[in-house]
Amino acid sequence: MAIVTKRIECKGETLLLTNQRAVFWPQNDMLILSDLHIGKTAHFRKSGVPISSNVLQKDLERLKTIIAYFKPKTILITGDLFHAEFNTDVMVFKTWMQQFKHINLILVKGNHDKHAFELYESLNIEILPHSLKKGPFVFTHNIKTLVDGEFYISGHTHPGVLIKGKGKQRIKLPCYQVTHQQLILPAFSLFTGLNTNIPPNLCANYAFTDLSIFKV
C-alpha cells in the first residue's frame with residue numbers, strides 16, 4: 001500500500017493530506033480521520049445483504065499501515081467511528097485496538113455514534129459530544145453554521161469529485177474539500193458512497209487514488 005502526501009497550510013499550520021483517507025498534523029503528532037462506520041457491514045449482513053467481512057479487515061489493515069508510517073501520539077476521529085448497533089464488527093475492532101494502547105484515541109461524536117458510554121470506556125476512548133478546539137482548529141462532525149475567524153475540520157458528507165475526461169469518460173474519486181474556513185475529510189471506510197453535489201468552484205478539491213493525490 002502506497003502512502004502519498006500533499007502538504008497544505010491552514011491557519012499557519014502544516015497538514016499532510018494522504019491518499020489513504022487520513023490527515024497527519026505534524027505539530028501535534030496527530031492523525032485525523034472521519035467516518036469509519038465500524039459495524040456497517042455486519043449491520044447489512046444481519047439484514048440479509050451479503051457484504052463480505054473483508055471490507056472491515058481492509059479498512060483496519062490500512063489504518064494500521066498509516067499508524068506505522070506516521071507513528072502518531074493521538075488519533076482524532078471527527079465522528080461516526082461506529083455505524084449502528086453493537087455487533088461482531090465492533091467486537092473485531094475492540095480486539096484490534098488492543099495493539100494500540102499507547103495511542104490516545106479521541107472521538108468527537110457523530111450522528112451514528114450512539115453506543116452506550118461503557119463501550120467507549122472499555123476502548124479507552126475520550127468522548128467529546130460536539131467539538132474539540134485545539135490550536136487554530138475546531139474539530140467537529142458536521143458544520144451547520146460557520147463562525148467568523150474559526151477554521152473547522154469535519155467529516156460527515158463523504159466528499160467526492162466528478163472528473164470528466166475525453167470521449168465523455170467520467171470517474172468519481174473521493175477527495176478532501178478545502179475552503180478558507182473548512183477542511184472536509186473523506187470517509188475513511190471504503191464502504192461508503194461519494195457526495196459530489198458541492199460545486200467544485202466553491203472549494204479546492206484534493207482528489208486521490210491508490211497511487212496519487214492531486215488538486216483538481
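Position one of the sequence shown corresponds to residue 1 (full-length UniProt numbering), numbered consecutively onward.
Built from N, CA and C at the ideal position, the CB exists for glycine as well.
Just so you know, these numbers come straight off a predicted model, no measurement behind them.
Close beta carbons around residue i, own chain, < 6 Å, minus the five adjacent residues each side
i	result
L105	I75 and I125
Y120	I127
N19	V4, F208 and I213
T65	M1
Residues near residue i by beta carbon distance below 7 Å, same chain, minus five either side
i	result
L162	R170, K172 and T196
F139	L76, T78, V108, S131, L132 and I153
S63	Position check: residue 63 holds Leu in this sequence, whereas Ser was assumed. Here the set comprises nothing.
M97	L123
L190	V55, K58 and D59
Nearest neighbour of residue i, chosen from the options [CA to CA]
i	options	result
T179	N54, F70 and G149	G149
G193	G160, K215, I184 and K168	G160
L36	D59, Q20, L17 and Q27	D59
S122	I143, T14, L146 and V90	V90
L185	D210, L128 and N205	N205
Y176	K166, G165, G167 and F188	F188
F70	D29, G39, L56 and E61	D29
C10	P129, A2, E118 and F151	F151
C203	I3, L17 and Q181	Q181
A68	L183, H158, I3 and I213	I3
F82	K73, K94 and P72	K94
L16	I198, I103 and L183	L183
I103	K73, L190 and W25	K73
P129	I143, D113, K101 and G39	D113
Contacts around residue i, its chain only, beta-carbon distance under 8 Å, and the 5 residues preceding and following it disregarded
i	result
H141	S34, T78, G79, D80, V108, K109, G110, N111, S154, G155 and H156
G12	P136
Q27	E13, T14 and G135
Check: residue i C-beta below 7 Å from any heavy atom of the ligand ATP
i	result
F93	Ligands in the displayed structure: none, and consequently the ligand ATP is not present.
Residue i burial status per 10 Å Cβ neighbour count (16 or more: buried)
i	result
D210	exposed
V23	buried
P174	buried
R21	buried
G165	exposed
G39	buried
Short CB-CB distance (under 8 Å) between residue i and chain B
i	result
S154	Within the model displayed, chain B is absent; a lone protein chain is all it includes.
Item checked: Length at least 4, wholly inside the region 132-212: the alpha helix (DSSP H) runs in chain order -> none
Note to self: At 4 residues or longer, what runs of the alpha helix (DSSP H) sit wholly inside the region 74-110?
What the structure shows: 88-96
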